[in-house]
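Just so you know, we're using our numbering here: the sequence shown kicks off at 254 and counts up by one.
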Amino acid sequence: MLGQGGHAALALMSLLLLLWQEAAPIEVPQDAKILQDLKQPPTIIKQSVKDYIVDPRDNIIIECEAKGNPVLTFSWRRNGKFFNIGKDPRVTMRKRSGTLEIGFRSGGRPEDYEGEYQCFANNDLGVALSNKILLRVSKAPLWPKEVLEPVSVTEGSPLVLPCNPPPGLPPPFTFWMDSSMSPIPQDKRVSMGLNGDLYFSNVLAQDAHTDYSCNARFLFTHTIQQKNPFTLKVQTTEPFNDTSYNATDPYGGRKVAESTPIFLSPPGTESSKMVLRDEQLLLECIAAGLPTPTIKWFKKGGDLPGRKVKFENYNKTLKIINVSEEDAGEYVCMANNHLGSIRHSIFVQIKAAPYWLDKPSDLVLAPDENGRLVCRANGNPKPNIQWLINGHPIESYPSSPNRQELGDTIIFRSVQIGSSAVYQCNASNQHGYLLANAFVSVLDMPPRMLGPKNQLIKVIENNRTFLDCPFFGSPLPDLRWFKNGQGSGLDGGQYRVYINGTLEIKRARAEDEGTYTCVANSILGTAENQVRLEVKEPTRIVRLPEHQSAIRGSTARFDCKVKSDPSLTVTVAWMKDDKPLHLGWRLRKDEESLTIPNVNEGDEGTYTCAVKSEIDQDSASARLTVLEEASLNPSVSSALPPDRPDPPMDLDLSDPAARSVRLTWIPGNDHRSPITEFLVQFEEDRWEPNRWQNLSTYPGDLNSVILQLAPFVNYQFRVIAINSVGQSQPSRPSPRYKTSGAAPDAIPRGLRGWGSKKDNMEITWEPLLDLERNGPNLHYSIWWRRKDSGEEWSNVTTVGSKHVVHNTETYVPYEIKLQARNEFGSGPESNVIIGYSGEDKPTDAPTDLQVSKVDSTKANVHWKPVDPNTVQGEFKEYRLYYWRESSQVPGLIVSKEKKTKGFYSTTAEPSGILSDLVPYSKYKMFMVVANNHFEGPPSNTVEFNTKEGVPDAPRSFRIYRRSLDTIYLEWEKPLEPNGILIGYQLRYQTVNGSRLGRSHLETFLPNVTDFTLRLSDRSTRYKFFLSALTQVGTGEVYAEESPHFTNEENFTDATGDKTVKIVPVKQQPPITVADLIAGAEYHLRVYSHELNSVSSKSVSFKTKPAYIDHVDIATQGWFIGLMCAIALIILILLIVCFIKRSRGGKYPGGGFVTGLAMCLVRDKKDLPLDPVDQKDQDGSFDYQNGSSVPDRNENENSSDEDNKPLQGSQTSLDGNVKESDDSLVDYGEGGDGQFNEDGSFIGQYTVKKDKDETEGNESSEATSPVNAIYSLA
């Protein structure tokens, strides 16, 4: 406080500050030599937290780390008094540190060391202080023994079951459970307050239990203390039946008096709450009443801070995180049911422990310089600022003309050597304090140069140049530059000197060459350094490569002539397509050009000549285009087809390194197709011996490459050449090469954390590949901690790929990271990922489930969501269970199988559409909330009825044609009538191919299921369309054409391209469905005739297409062969017949057919003669019909003989002997009737006749062509 006259002093001080010029504090460079010699007061760099609670089972460690020069010494105070560490054998201090370790192996109680500790770090330049560390030992006291009388309460009344947990350090976490260690279900009616008590807004009969037990979990000791259980007895006016409980009527029809809301916590109409800035504000309102009141919150005079506010415990708790001053005010909670509402006002005050506005920082000054320390803090109430010097109040030090204190500022003027000290600023109010150390170091150091001595700088002519001269000294020296040790300081014109000592030459010329000297001067001395400057000619390409085209197989050349300063070493490198060009064995490079012999397609691209000296560089590019080969006299070899290349030879290893080796080989013959690339493969004998793996590919013009390898692998290599035809055989393997081990380079992949149980988290990852191990004894280090908790990392080491963290809270996020290690060291750490512990059953159910806008097949569903915190896992969906309770159609039996539908919604008023319902049915449904593994309790059950719809198609539509004049139709009721059937509708029309006749319509009553149609024309076919009717309209229509008379197959056709075939099943499966159409798609289901709703799901299948082999018989080999054989036989028979005719007799003009007939008759020669045949005296045969007529003339006799049948002739159908159509008598030439010399057939059957008679009969009927044809018949 300034006291009286403060205003005048402030005014005077303001004037002094205007007149006073403050020097900027010195920034000490981070130079090792300077820091080694630099004197520095102590600085605290690490300390324990202010409120330090320790586990009594562990040793106590109180941290205090500091730095400074000269070496620091440490001391401690306990409860404001010097703490003599040497007298207590249990207490030790770490070397070069102030950290205390208190061990209890030899006995002792941790409670004996509770108190307030403060660390002091000091050296010759000052003393630095740590915060005051309040050390307390964690406590987990037992619950006091008590006998709890049974609690008796009337049904519908409110109730509070007190918890009163034992006071632990830190306070325990409370929760309620029953005797089976299951949590007490909490909801809008029953919930736990912030004080741990269990509140019942109204008691139900089913609340009567004997095991309401409050539990306290102590975080440090990981123990749970359980209070004796409460026994709750509920008095009811009427007997209670457990089976009568219903969520919509919790009292089972009993009359329970309703009541208006009253507040259970906090009581009354007003209360107050104080919370500190940046902490968490928790406001609670729990109300009693019947029905259970709902709680609403608002803030008077403003809106609730939407981004920071959160409602918990079924809206009974309002939470605001990171509160600030604007969150103060009057908060109102309102409880209401249909009987009334009440309000409670909570007046919130926001106080604040001190927090920094301007924290003092270290100050380094030179002698006679000025400076200041500023310490500004704010809080509510406003904190008091106190300055200390080396741990003592500033008032206890004698006043100094060089130091002046003005409230939160200390001003230093003309400081002197020896006035270094550590200043502490303490800002405190009733809610806490802040302590900051800031040293003031008065440093005197002669000038010194920090850069290298006598440096040589080479620059290109006409370029901007900088000569550096880093320096330091206290006080800050003046710096000047000189050239060649002559003249005044360089500054101005083309020179410029910067404050850090750098000299700029705006445009270097040849005359600027020379030795430059920088001199730093102060009252403590002088330091200087020299820089030699050389100005060089630029390096440039004077003959550039040019774009060119080359014929395949020819030679291409790119020029690159360079001019540079003679004193500079220049290197020329070539690149192709912006990548380094490896010359290999084919390409040649000299000082001024690049030559590419035997150009191929792989050489096409952009070539760049890059020229580089130690201080500058230049480059130029040109493109090579490869043209097709244009040889006028191709060689013999060019006519041969290209082939695969020969394998590379003579593999050699050189230039061994830790992770690389050079592999060189000789390419084999390319066989007229240039080698485009080489494939290098490797085999190792540790993880997968004898298995060759691809390592890398290289351009075809290389034969020496550096292979990048993995550590701790015993390699051998082979090379495969590749051209446009294919790959060569692998080369012979190289000698083995073993790389040394190293720490892992890879981070294990697939890191994730998930819970398999509600109280654990499994951390899994993919193990490193064999070639990623880099060494023996591979293992993994895993770290984890709760997200945003500020906890220390927990860690474990394992050789597997999984670790399970036990005893976690339910579904909380964890930060996880992973690292692979082996005998050679640790690999890189993975990124921190977020995993979650296991899920548990959601505790809340969706409320106020209801339906709206119900039609025949869908309904809108509405509900009130649950608090996300009660899901106890990742929210997956609201899962609706619904089932068909019954049909509104009398006598229709339905399946009550439950179905589910999920709704994902995070809105405040969620809703969804339930579809695919069966019309004219009664449905029931309830809803649960689900996470990934569990479902919560069910909501209220809702009943609703769907409206009437159109029916399904009639079942078993059968069409019979039992006579030629009638068609009989028969059907059954639809599987799902979807309403009250009012009849059937049958439409039919004639069918003639693709044309349909006039339509006829018949309607039937609902009890009529057959119809007989009389046909006006037996050949007419009909197409029938049958459908059922309800009040809503016509249902699905089926169509079928009338079958043929013999077709009584039981099937129906659907309209369009559908065909429905019904196969009655009277045996155990499998069943064969026959008479399907080839290449058609079918849908199959099985259903019950007795229970209409019992049906399988539909499955789809498609029959195979029919294969019709359209074969032309005329092209078949067997048919052609058969025809040829028949033709050959006929030809042979014709030849034989003509031969016989020419040698044994003459055939009159009957053609070759007649001759063929004669031959056929000739085959009968071996048959015996009929006994009725008679032989004349002259030896001739006489053919008669059984009696001789003596008075006939010869012609008549001849005619009779002609009509006499041969032996063996066939008889006619009427029993008469069939006369031969071919009589050979007329063809005889006379003679004695004996056989001819050649034994001919004709001679055997001739008769003796006169010559004239014979000639007169040459034109007889037997010789006509017609009769000849008949003879063949």
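The C-beta atom is built at its ideal place from N, Cα and C for all residues, glycine as well.
Nearest C-alpha to L1268 among A469, D1218 and L756: D1218. V1389 sits in a helix when the DSSP states are folded into three classes.
As a beta-bridge residue in DSSP terms, L412 pairs with F453.
Boundaries of the beta strand (DSSP E) around Y748: Y748 to V750. Secondary structure of G1250 (DSSP, three-state): strand.
For R760, the CB contacts under 8 Å within the same chain, skipping 5 residues up- and downstream, are N715, N716, R717 and Q747 in chain order. The three-state secondary structure of E1025, taken from DSSP, is helix. Residue environment for F453: buried (at least 16 other C-beta atoms within 10 angstroms of its C-beta).
Within the model, the alpha-carbon separation for N455 versus W429 is close to 18 Å. Relative to N707, the option among Q677, R785, N631 and V1203 whose CA is nearest is R785.
Residue pairing by DSSP puts A780 in a beta bridge opposite A773. Listed in chain order, the non-local C-beta contacts of E367 below 7 Å within the same chain comprise L388, R389 and V390, local neighbours out to five positions each way being set aside. The distance from the Cβ of I386 to that of S301 is about 5 Å, consistent with a contact at the 8 Å cut-off. The beta carbon of R666 sits closer than 7 Å to the beta carbons of N623 and N655 from its chain, once the five residues preceding and following it are set aside; these are given in chain order. With a threshold of 16 other beta carbon atoms within 10 Å, C862 meets it and is buried.
With a cut-off of 8 Å on Cβ pairs, the stretch 391 to 410 is not in contact with the stretch 340 to 354, counting fewer than three such pairs. Beta-bridge analysis with DSSP links S1034 to T1050 and Q1072.
Here the alpha carbons of Y1131 and N1198 stand approximately 22 Å from one another. Taking the Cα positions, E1162 is about 18 Å away from G559. With 16 or more other Cβ atoms inside 10 Å of its own Cβ, H597 counts as buried. Judged by DSSP in its simplified three-state form, A1378 adopts helix. A residue is called buried when at least 16 other Cβ atoms come within 10 angstroms of its Cβ; S866 meets this threshold and is buried. For I1000, the secondary structure class from DSSP, reduced to helix, strand or coil, is coil.
With fewer than 16 neighbouring CB atoms inside 10 Å of its own CB, L592 falls in the exposed class. Runs of the beta strand (DSSP E) lying entirely within the stretch 826 to 854, each at least 3 residues long, are 846 to 849 in chain order. Within the same chain, I1000, P1001, L1004, K1070, L1071 and Q1072 come within 8 Å of S1083 by CB-CB distance, once the 5 residues on both sides are set aside.
Per the DSSP secondary-structure output, H1056 pairs in a beta bridge with I1016.
Around T1153, the same chain offers R1132, L1133 and Y1134 as residues with beta carbons nearer than 7 Å, after the five sequence neighbours per side are excluded. A residue is called buried when at least 16 other Cβ atoms come within 10 angstroms of its Cβ; W1046 does not meet this threshold and is exposed.
For F724 against L709, the beta-carbon gap comes to about 19 Å, at or over 8 Å, which does not count as contact. Cβ neighbours of H800 within its own chain (closer than 6 Å, five residues either side excluded): A875 and R876.
For the 8 Å CB-CB criterion, P898 and S949 do not form a contact.
For the pair I1233 and Y1275, the Cα-to-Cα distance works out to about 30 Å.
Between T992 and R915, the gap from beta carbon to beta carbon reaches 8 Å or more. Residue state for F1372 is assigned as helix, using DSSP reduced to three classes. For A606, the three-state secondary structure derived from DSSP is strand.
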